[in-house]
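To start, the structure itself, in structure tokens.
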Amino acid sequence: MTRPKEPVIRPIQYSILVVLAAALIAPQVVDDQFVVRLAIQAGVFILLASAHNLLMKVGLLSLGPVAFYGLGAYVSAILTTRYEVSFLPAFLAAGIAATVAGWIIGRLTLRLRTAYFVLVTLGFAECFRLVALNWIEVTNGPMGIAAIPPPAPWFTGYLPYYYFILLLVALVLFGLYCIEHSTIGRGMLALRENEMLAQSVGISSFRYMMLAALLSSFIMGLAGSFYAHFFQFLGPEILVFDLTITIVVMVIAGGRATLAGPVLGAILFTVLPELLRTAQEWRMAIFGLLLMIIMLFMPDGIFPTLNRLALRLIRDRLQRRPQTDAISTPDSELQVLTERKLTLNNELHKALSGAFVTNGSHLSRSNHVGSRVRLRDRSESLLVSKDLCVYFGGVHAVERIDLEVKAGEVLAIIGPNGAGKTTMLNAITGFGPITSGKIWYQDKILNKLQPDELARQGIVRTFQQTSLFLKVSVRDNLVLAHTGSEQATLYTSLFRRDLSRQIQQEAEVVADCILEFIGLKSYGALRAGKLPYGSQRLLELGIALASQPQLLLLDEPAAGLNPAEVNDLISLIGWIRDEGITVVLVEHDMKLVMGISDRVVVLDDGKKIAEGSPDEIRTDDRVIEAYLGKRSEHAPNIES
Amino acid sequence: MVGFLQHLLNGLLIGGIYALMGIGLTLIFGVMNVVNFAHGQFYMLAAFAVYTIFTLTGVPYPMALIISALLVALLAAIIERLLLKPIRNEPIDVSMLATIGLSIFLANMAQIIWDPTPKDIGLPFSLLGIQVGPISLTPIRVFVLVSALLIIVASHLFLQRTKVGKAIRATFQDREAAALMGVNTDFINTFTFSWGAGIAALAGGLLAPIFQVFPTMGAIVTAKSFAVVIVGGLGSFPGAILAGLLLGVAESLGAAYISSGYRDAIAFILIIVVLLLRPTGLLGKEGRVG
Amino acid sequence: MLQISKVDVYYGNVHALKDVTLHVNEGELVTLIGANGAGKSTVLKTLSGLVEPRHGEITFLGQRIDGRSVAEIVRRGLVHCPEGRRVFSDMTIGDNLDLGTYSRSDKDQITADKTRVFDLFPILKERFHQRAGILSGGEQQMLAIGRALLARPRLLLLDEPSLGLAPILVEQIAEIIRALHLRGTTILLNEQNAEMALRLADRGYVLETGRVVLEGPSKDLFQNEHVKKAYLGG
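Those sequence lines, one after another, are chains F, W and H. With this note's numbering as the guide, the letters of the first sequence map in order to residues -4 to 635. With this note's numbering as the guide, the letters of the second sequence map in order to residues 22 to 311. With this note's numbering as the guide, the letters of the third sequence map in order to residues 45 to 278.
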């Protein structure tokens, strides 16, 4: 996947091999035990920082890593000292215990918003520390647990520990790399960039965040166990906040959400304090200062910023402008639209209908192709609502509305501002509450489902406010949108990398088809944030299509478009309908409504006041009165 | 029973201070939407300022209190300009990390400047308690409680009734629209942050004579301030007051009747419980953070 | 009264306004029409000081205002009623209107002006103590205009007042704008609803992708082929 910010340079792979080889040989060559010990410390921090970074990848900032690390350490220590369990089971138990804790805390806190999540994780960490300090029967309190046995009797000196941690680091980093370049990695990126949009195309924020939390705590638990058996003494003083800050600084400075960032940060901040021989008391003050400076000047992290600067210098030196800048933003909206090829081809049809199958990817497709029943018969109901009510406080935003959407039609919902149109849309797509009443979709009740679950069922919406993955290229926006309909499992990401690659290629093909359909092919590599307004709205439509919807709900798609663009939108929606996709349109623009709708529903003040064909509605007295020409009692006094 | 009342009263007195801290943070977190992890450090710095001024010069205590608060408010203004203003439009985790960094920096610098041993400010008031029925009240605690109440009431009135107060509320609802009314939004930001910090500083200075001061006391105060704001409900003054008193009493009774080792955990437990069961807090409206 | 000369505005790398020149005379109602993204809002934001031009000059009442602070521009009488109403929803109508007077200190005049605003929009007086957030779209627009009027504008910038309003309300707002114009307020109007805008205005400018492509009396623009096709629905 093309990522404008992280250049893919082939030499990286060779240098990794070189580094690995060096790391293997180094301790044989270097005689200084102090250096080896430092390397082991760095290894532990690499694990901690990388694990903590997983949470950053899904946009979670946690101040609780010490809790999992500590839990792993204590579990392993207690099992081996008090219950004479051998190392390997204790090691795994540590990881599992931490994972379970991560699961519990995750279930409780993942739905909280950012700042609250930070506070709660801090709270858990602090509570854990107090428990470790006070629950003397189990943890020995401030005295700590001593004489923790080494992993094996032959673990003498530093070397065995060095190779052990090297193995762990290599495995963990490789695993993270595989995840990054799989469906899961893309899903995480989408969530980090724009959570609401990601959910609307079927990416489950809870699921990915939980996955990140579980993996993260597992790795930390293992790291804790390693520490306990390396240091062979364990006390509550390892649970101090300073350790959390150290980990956070490593991730942030190194470059969060990148793979190499935490590694570089961990090495840097393990080695540097030793080299500078700074007094302990200054260390934390400097970290604090560093955090502030990084946030002010290099919020992405030191290494990514330096990387970017270096690349820009190189580019300027070679006097080659990068591809993204060379594509000038289209000078006129009309120009963009005329570039679209108006032919529907086989590929596009397959892309939109989700029947795309490449060799061997049956596994990923079969499930949801089966669940998408193409209803060609226009009299069949696709979506039905009965007695739907949505109340906010005292306001009856939607009052007992019965709605029926027939398969394959274009239904418009119109009405004055505040009539309840968007509230209804939100209720159907899971983005807003339902006070009472039911909604059925193909005989399934929708009421309690989350937006991402609904999207995976085929109900996809667009938003009134421009909603894109702004920092990512136009083409990648569509690739990311496809992620929601991919079957993503950890197993696939880690152990079936061939399948991962196939799924990615598939996604790219779908993206290309849709790119052509909406007419933005030549802007594929442009950052989405740089598109002009009209093209952005087209891209939003494309994103919705990329998730292979069966029912597409458009929220004021014509807002801000000039008449020529509205005409084009009419054609687009027509083609979408021809593909068998049902469209529901919430709109103010009468031209669009009259131009493409099969049926129109009119809402006023939360109630349905009329329903019928566009012509019927246009001449309906009640509609005219409520919407088009009633004299309001709040009319201003103009005579003064 | 007497013991219970005494603990209750002590809890209310501490609670008054917690309420003050909560008010200050409500302004910064609830109104400005800045997650200020350094809030407790303003409290700590003011306490040390009072200690330093009081012991070095002979300035009377109330004067030292006010000077300290002004100094801390000034420091906060500088911090707002240099640190917070440039990152105002960045996503929220940037400002969170920045204030976390600030908090650590201030705490550790304080540790370096004044050494880590706890300090006692000589009490400027008589130590003798006045007997009110079965309970004993020391003048200093009465002073603290009354001052806290005055500050809270004054702040509320300022925010609701004055021109600047309305400008503050407007700015944090819709910055651009407020600017179009002629409001100098940069000034409003600096002022509000200073004001919030100043209240924290007053809290620190008021408590300084009662407890010892040590450089690492800021962090736990920050946590408790957040507890108060969350339990009370974001942006709600009455909520902060109620929650502050609640926390104070809970801690006092909990430490007396259950265990004193877990005293500081009560704040965290409250945070966790409230966020899980009733995220908008006791009296708050829809939370805007995140 | 207002003169914009050869103004260039950039949002980062995006060249939002290209060499824009236009003027507004005292007492006129001038309108800017064009699609979303054409730059109309950018013109208004540049005038009110929210955005600074990279090149060019803006003169208001004989003095340069480009580069000056928003607060100062308001004090000089150039008031921007922003797009999307932007009322302070958690504050009462009364507080909202008070904020309109933030830059003024002439107490007596303020009271008189408030009376006039209430005459114009009686609903605001009725609901004086209610939170602005519960008003309907049309009522919020009235509040926004009333608030702007209380800043005593010599030149009033109206940014898309009809946006998101049902057709019946659009008519009402148009009536209000016409009334203000007749009373002597100089207005620069931004509108996507070109029909409404050209009916109200004396003169108009058409913006496309940051450039002024057409200008003239609104009668002429109404007849213009390109305008008819692109903005008046053919």
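Backbone N, C-alpha and C fix where the C-beta goes; we use that ideal spot for every residue, glycine too. Predicted model only: the values in this text are computed from it and were never measured.
Nearest C-alpha to VAL405 of chain F among F:LEU598, F:ILE198, F:VAL588 and F:ASP610: F:VAL588. Short of 8 Å from the beta carbon of LEU161 of chain F, and not among the five residues preceding or following it, lie these beta carbons of its own chain, in chain order: ALA18, LEU19 and GLY38.
Beta-bridge annotation (DSSP): GLY569 of chain F is not paired with any residue. Excluding residues up to 5 positions away in sequence, ILE48, ILE109 and ASP110 lie with their Cβ nearer than 6 Å to the Cβ of ILE102 of chain H in the same chain. Taking the Cα positions, PHE512 of chain F is about 12 Å away from GLY519 of chain F.
Taking every protein chain shown into account, the CB of PRO197 of chain H has 16 or more other CB atoms within 10 angstroms, so this residue is buried. Here ILE408 of chain F is bridged, per DSSP, to F:VAL581 and F:VAL596. Identification of residues in the segment 175 to 198 of chain W having a C-beta nearer than 8 Å to some C-beta of chain H yields LYS184, LYS187, ALA188, ARG190, ALA191, GLN194, ASP195, GLU197 and ALA198, given in sequence order. According to the DSSP assignment, ALA392 of chain F belongs to the beta strand (DSSP E) that extends over 390 to 401.
Of all C-beta pairs linking the segment 24 to 34 of chain F to the segment 60 to 69 of chain F, fewer than three are shorter than 8 Å, placing the two stretches out of contact. Taken atom to atom, the span from the alpha-carbon of LEU77 of chain W to that of SER89 of chain W is near 13 Å. The Cβ of GLU132 of chain F sits no closer than 7 Å to any Cβ of chain W. TYR249 of chain H has its alpha-carbon roughly 7 Å from the corresponding atom of VAL256 of chain H. Taking the Cβ atoms as the reference, ILE233 of chain F lies roughly 11 Å from ILE140 of chain F, outside the contact range of under 8 Å.
ALA288 of chain W and ALA261 of chain W have their alpha carbons spaced roughly 14 Å apart. By the beta-carbon neighbour count (other beta carbons within 10 angstroms, threshold 16), VAL455 of chain F is buried. Secondary-structure assignment with DSSP links CYS125 of chain H through a beta bridge to H:LEU202. Within the segment 447 to 481 of chain F, contact with chain W at the beta-carbon level (separation under 9 Å) is assigned to no residue. DSSP, reduced to helix, strand and coil, places PHE266 of chain H within a helical segment of the structure shown. Taking every protein chain shown into account, the CB of VAL595 of chain F has 16 or more other CB atoms within 10 angstroms, so this residue is buried.
Against chain F, the CB of ALA188 of chain H has no partner CB under 7 Å away; the residue lies outside that interface.
Per DSSP, reduced to three states, the secondary structure at ASP616 of chain F is helical. Using beta-carbon distances, ASN205 of chain W counts as an interface residue toward chain H, with a partner under 7 Å. The DSSP-derived three-state label of GLN500 of chain F is helix. In this structure, the CA atom of ILE198 of chain F is about 45 Å from the CA atom of TYR153 of chain F. Taking a C-beta distance under 7 Å as the contact criterion, ILE214 of chain F and SER488 of chain F do not qualify as a contact pair. Within chain F, the residues placing a beta-carbon under 9 Å from that of GLU111 of chain W are MET290 and PRO294, ordered along the chain.
Using beta-carbon distances, ALA79 of chain H counts as an interface residue toward chain F, with a partner under 7 Å. With fewer than 16 neighbouring CB atoms inside 10 Å of its own CB, ILE99 of chain W falls in the exposed class. VAL174 of chain W sits exposed, since fewer than 16 C-beta atoms from the chains shown fall within 10 Å of its C-beta.
In the same chain as LEU298 of chain W, and ignoring 5 residues on each side of it, no C-beta atom comes closer than 7 Å to its own. Neighbours of GLY283 of chain F in chain W, taken as residues whose beta carbon is under 9 Å from its own, are ILE121, GLY122, LEU123, SER124, ILE125, PHE126, LEU127, ALA128, ASN129 and MET130 in chain order. When beta bridges are read from the DSSP output, HIS59 of chain H appears opposite H:TYR54.
By the criterion of a C-beta distance shorter than 6 Å, LYS62 of chain H is surrounded in its chain by GLY254 and ARG255, once the five residues flanking it on both sides are discounted. The beta-bridge partner set that DSSP reports for GLY260 of chain H consists of H:GLY248. If you ignore the 5 residues before and after PRO146 of chain F, its C-beta comes within less than 6 Å of the C-beta of PHE82 and HIS224, all in its own chain and listed in chain order.
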